[in-house]
Amino acid sequence: MKSKKGIIKLRKSICENAHRIVIKVGSSVITTAEGLNLPIITQLAAQIASLRQKGKEIILVSSGAIAAGKRKMKFKQGHFSLPQYQALAAIGQGDLIQCYERAFAVYNQPIAQVLLTKDGLTQRYRYLNARHTF
Numbered sequence: 046m047k048s049k050k051g052i053i054k055l056r057k058s059i060c061e062n063a064h065r066i067v068i069k070v071g072s073s074v075i076t077t078a079e080g081l082n083l084p085i086i087t088q089l090a091a092q093i094a095s096l097r098q099k100g101k102e103i104i105l106v107s108s109g110a111i112a113a114g115k116r117k118m119k120f121k122q123g124h125f126s127l128p129q130y131q132a133l134a135a136i137g138q139g140d141l142i143q144c145y146e147r148a149f150a151v152y153n154q155p156i157a158q159v160l161l162t163k164d165g166l167t168q169r170y171r172y173l174n175a176r177h178t179f
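Per the numbering used here, residue 46 is the first one in the sequence shown, and the count goes up by one each step.
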């Protein structure tokens, strides 16, 4: 088992040599009990802007729309049906993308969103359409 320092060193080495970096942030990283965690999103934008200045291509994969929707609707944790999750994601997505827009605007970094589903990646023509987005 590698030490935490060893893992950090390995991660740094990989990032230094990579042209394209995919960063995945989960809901627990960018949300709090009160809603979207603006300081964390702002720090994330700063780090990504720094990587882009070094010539890195960054793809940010972000969760958080459902969590933002739950908080906006003042729903407590619980189990929801698929249509309810889809509605919560639709409600929260606007707030989420707006937070990212504000955070990246400070660095004159344009953003875009691509919403992907499993079907969008398993059917060849849909996969190619998504791939051409990047």
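For glycine and all other residues, C-beta sits at the position ideal for the given N, C-alpha and C.
Helix, strand or coil at residue i according to DSSP, with G and I counted as helix
i, result
"residue 57", "helix"
"residue 114", "helix"
"residue 104", "strand"
"residue 80", "strand"
"residue 163", "helix"
"residue 119", "coil"
"residue 68", "strand"
"residue 177", "helix"
"residue 150", "helix"
"residue 156", "coil"
"residue 99", "coil"
Whole-Å CB distance - residue i paired with residue j, under 8 Å assumed
i, j, result
"residue 159", "residue 175", "7 Å"
"residue 154", "residue 94", "5 Å"
Exposure label - residue i; buried when at least 16 CB within 10 Å
i, result
"residue 81", "buried"
"residue 52", "exposed"
"residue 144", "buried"
"residue 90", "buried"
Would you say the segment 107–121 touches the segment 70–88, given that touching needs at least three Cβ pairs under 8 Å?
For the pair of segments examined, the segment 107–121 was found to touch the segment 70–88: the number of CB pairs separated by less than 8 Å reaches three.
Are the segment 161–174 and the segment 133–144 touching, with three or more C-beta to C-beta distances below 8 Å?
Segments in contact, no.
Between the segment 146–154 and the segment 114–124, do at least 3 Cβ pairs fall closer than 8 Å?
No, the segment 146–154 does not touch the segment 114–124.
Taking 8 Å as the threshold, find out whether the segment 99–108 comes into contact with the segment 63–70 through three or more Cβ pairs.
Touching, yes.
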